[in-house]
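Here's the structure we're looking at; comments come further down.
Protein chains in written order, with my numbering: chain C, 127 to 535; chain S, 127 to 535.
Listed below in structure tokens is the structure:
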């Protein structure tokens with residue numbers, strides 16, 4: 127008699143974005159012919175860089191000829207790509223070895239799967255609000271109790287509130303925790319941690335033998351000086367942190383799929399000396415994964431070097447200009463906004479203490495603009511919405527026009 | 127104090143293929159300049175079908191233009207591909223809905239991840255020998271005791287011996303088990319289950335409310351009439367079986383990465399009525415995965431229809447001709463061989479009761495040919511090696527020549 131993993135039953139509700147799609151779909155059905163402007167999902171909209179396209183086509187040409195065809199690659203990723211990633215980190219004065227990199231089909235997969243390296247009794251701390259994948263994967267991994275509808279939280283998690291008061295970067299917890307998820311530049315709040323703020327977490331982790339899971343998927347969006355692009359810019363971080371990153375937002379790979387995870391050889395924890403976690407993730411990837419698409423990997427390499435890098439940087443600049451337009455537009459209608467400077471996301475406070483799904487519905491109904499309700503990222507997001515700068519310029523401008531004309535506060 | 131998932135420590139040794147690569151690498155280092163012929167890993171070697179390459183390049187062209195660019199797709203796979211898969215199964219008179227298909231980055235990922243849907247106390251039955259991923263993923267999932275070096279087995283698994291006596295297709299277990307992994311055409315033995323043999327497992331599963339994980343990654347290699355290509359050709363299978371398949375061996379996607387899993391809505395088990403497991407896998411994929419590469423998906427569609435399908439069938443025919451050459455060559459040197467007719471794999475008995483790693487070393491040393499030791503797939507494989515037909519024709523012919531000339535039995 128097969129039985130299911132009952133941890134799945136603890137999951138409170140459908141994943142955030144399907145719920146947004148559902149509500150938007152219903153509205154569209156009831157309002158045929160009226161276009162909806164989508165600033166909800168962080169989904170890239172502009173063309174892939176030409177150098178990336180060219181490189182991927184060249185790989186397909188190689189695959190179309192038996193003398194240059196390749197089948198299975200290394201589960202850890204192609205060596206040329208891992209070496210390019212080593213060089214990529216050297217611009218931040220971070221020295222890593224290629225065998226500390228694990229190329230994957232994207233940061234989401236890695237962010238969800240990484241928890242499997244740790245015991246189910248580990249106590250998990252997450253920023254509140256946070257990318258739902260950190261939460262849901264640990265629910266399935268058995269590290270929580272039930273969802274508490276009154277608090278809007280899972281029992282067993284330690285929530286680190288990211289609020290206006292702390293600039294949306296919390297301090298380390300007062301209690302002892304084992305795993306800490308950090309994301310900077312932050313999804314959804316658009317805030318970015320300083321060196322000192324990250325150092326506080328690294329010091330905490332080293333003191334308590336905790337492991338930090340650091341999501342830097344938006345690091346290319348940092349425009350201001352002095353913010354770390356990698357947690358390994360902080361001394362000691364290699365002994366306590368795993369870093370996850372992606373080509374999705376940097377170079378438009380959301381649909382092409384490519385990311386990477388760094389598990390330093392120095393990383394250790396209570397019952398695993400240096401090297402063990404690196405070897406475990408290697409074993410995990412060799413058993414549960416068969417390498418990222420070789421076509422995507424060739425494209426990823428092109429994004430890291432020469433013209434492809436410049437073209438990717440131009441893509442990031444395009445979305446950051448969108449972010450600036452959104453930020454200024456929302457300010458003009460009187461909303462309080464955060465983020466959007468070192469991040470593609472604007473974190474906008476709802477007017478008059480409105481809750482975030484109500485404000486979502488209001489913006490959809492009156493302005494025909496889709497955003498992401500902050501409460502979908504955790505209880506501390508309940509009076510915020512996330513506005514994404516991923517969209518065509520003309521649609522972003524139009525969305526701001528519709529909000530300015532139709533949002534009555 | 128973070129602690130590791132100690133189930134990883136139960137894993138007996140490195141994954142099979144890295145160990146083969148290690149031994150081959152040492153031999154090559156000691157014998158520079160002598161070419162090694164690889165019939166070990168089931169890794170495709172021939173060019174991708176032209177129609178597949180064309181389709182993927184067209185998708186890249188679309189991605190290079192903002193008016194046709196697409197970002198994140200559905201986690202379950204693109205609708206046009208899932209509908210093509212529905213049509214693909216209709217040729218076997220199997221009727222499925224597109225929402226029962228989940229497109230992924232490959233069968234290996236799905237075969238490893240599917241166990242996460244089930245409780246850690248489920249008793250798992252596997253064919254012996256079997257693809258190591260079924261075993262290792264369940265070790266990590268906590269469904270076994272320790273590896274027993276004397277028996278060459280994990281405590282807690284139920285091993286269904288596939289032997290010469292039963293034609294390498296075992297009967298259902300006498301005891302009660304919860305999850306049953308079946309692979310037909312079988313990797314590594316090359317055997318294929320009849321309708322009656324599969325029906326015995328389906329009847330068992332329905333009686334005991336077990337769930338069958340059916341791996342049909344080699345179904346396109348069935349050349350003889352009367353063997354099921356899908357477990358859903360057996361009545362009642364939708365109520366008790368998940369099926370996993372891949373574009374890797376059918377159309378050369380080993381490096382491009384694309385596969386699919388079918389979780390029928392009728393599927394149920396002890397504590398989950400019909401629909402629950404389909405919804406759980408949907409939730410799992412939406413949380414731990416972000417869709418297969420959109421380039422690979424366009425290629426996969428091309429492999430299923432029209433010219434692309436014919437070209438993919440020609441690829442399969444090429445490898446099957448290799449299989450025939452291997453089969454006949456090994457017979458001529460006096461080895462007893464199985465498989466290679468409805469499968470790309472030949473399962474060859476070692477001479478004089480030699481154990482399989484010794485025979486691996488002998489073939490490498492004397493013939494410079496790499497095969498896969500049968501014991502890497504389980505204790506019942508200890509007096510067999512798997513010979514793969516994936517290779518250029520001239521290398522397969524050369525390998526057989528070297529075996530015929532240098533293998534002294």
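Glycine included, every Cβ here is placed at the ideal spot set by N, Cα and C.
In the structure shown, what three-state DSSP assignment does residue i receive?
i: residue 458 of chain S; result: helix
i: residue 498 of chain C; result: strand
i: residue 309 of chain C; result: strand
i: residue 179 of chain S; result: helix
i: residue 226 of chain C; result: helix
i: residue 273 of chain S; result: strand
i: residue 150 of chain C; result: helix
i: residue 303 of chain C; result: coil
i: residue 443 of chain C; result: helix
i: residue 450 of chain S; result: helix
i: residue 217 of chain C; result: coil
i: residue 519 of chain C; result: helix
i: residue 128 of chain C; result: coil
i: residue 537 of chain S; result: Residue 537 of chain S falls outside the range modelled here, since chain S spans only 127 to 535, and no answer is possible.
i: residue 195 of chain C; result: coil
Relative to the C-alpha of residue i, which residue among the options is closest?
i: residue 234 of chain S; options: S/226, S/263, S/255; result: S/263
i: residue 517 of chain C; options: C/184, C/348, C/398, C/170; result: C/170
i: residue 515 of chain C; options: C/137, C/127, C/167; result: C/167
i: residue 370 of chain C; options: C/438, C/343, C/148; result: C/343
i: residue 480 of chain S; options: S/465, S/456, S/511; result: S/511
i: residue 504 of chain S; options: S/276, S/181, S/184; result: S/276
i: residue 217 of chain S; options: S/533, S/458, S/349, S/356; result: S/356
i: residue 535 of chain C; options: C/238, C/185, C/393, C/477; result: C/477
i: residue 307 of chain C; options: C/463, C/324, C/291; result: C/324
i: residue 161 of chain S; options: S/491, S/131, S/533; result: S/491
i: residue 183 of chain S; options: C/422, C/404, C/457; result: C/422
i: residue 404 of chain S; options: S/255, S/289, S/244; result: S/244
i: residue 389 of chain S; options: S/196, S/506, S/363, S/448; result: S/363
i: residue 372 of chain S; options: S/358, S/228, S/293; result: S/228
i: residue 315 of chain C; options: C/462, C/435, C/130; result: C/462
i: residue 424 of chain C; options: C/137, C/144, C/237, C/203; result: C/203
i: residue 538 of chain S; options: S/472, S/508, S/398, S/131; result: This structure cannot settle anything about residue 538 of chain S, because the visible part of chain S is limited to 127 through 535.
Look at residue i and residue j and say whether their C-beta atoms are less than 8 Å apart.
i: residue 497 of chain C; j: residue 210 of chain C; result: no
i: residue 410 of chain C; j: residue 247 of chain C; result: no
i: residue 224 of chain S; j: residue 208 of chain S; result: yes
i: residue 381 of chain C; j: residue 420 of chain S; result: yes
i: residue 385 of chain S; j: residue 200 of chain S; result: no
i: residue 165 of chain C; j: residue 502 of chain C; result: no
i: residue 334 of chain C; j: residue 127 of chain S; result: yes
i: residue 536 of chain S; j: residue 377 of chain S; result: Any property of residue 536 of chain S remains undetermined from this structure, which presents chain S solely from 127 to 535.
i: residue 280 of chain C; j: residue 271 of chain C; result: yes
i: residue 309 of chain C; j: residue 341 of chain C; result: yes
i: residue 174 of chain S; j: residue 482 of chain C; result: no
i: residue 347 of chain C; j: residue 311 of chain C; result: yes
i: residue 193 of chain C; j: residue 506 of chain C; result: no
In whole angstroms, give me the CA-to-CA distance for residue i and residue j.
i: residue 313 of chain C; j: residue 485 of chain C; result: 19 Å
i: residue 327 of chain S; j: residue 151 of chain C; result: 43 Å
i: residue 258 of chain C; j: residue 148 of chain S; result: 40 Å
i: residue 159 of chain S; j: residue 249 of chain C; result: 54 Å
i: residue 273 of chain S; j: residue 135 of chain S; result: 10 Å
i: residue 488 of chain C; j: residue 453 of chain C; result: 19 Å
i: residue 414 of chain C; j: residue 266 of chain C; result: 17 Å
i: residue 427 of chain S; j: residue 379 of chain S; result: 12 Å
i: residue 352 of chain S; j: residue 157 of chain C; result: 53 Å
i: residue 345 of chain S; j: residue 456 of chain S; result: 24 Å
What does residue i pair with, by DSSP beta-bridge criteria?
i: residue 286 of chain C; result: C/253
i: residue 345 of chain C; result: Answer is none; residue 345 of chain C lacks a bridge partner.
i: residue 475 of chain S; result: S/510
i: residue 367 of chain S; result: S/338
i: residue 463 of chain S; result: S/474
i: residue 164 of chain C; result: C/496
i: residue 372 of chain C; result: C/385
i: residue 279 of chain S; result: S/274
Please find out if some non-hydrogen atom of the ligand MN comes closer than 7 Å to the beta-carbon of residue i.
i: residue 319 of chain S; result: For the ligand MN, the structure offers nothing, since it holds no ligand at all.
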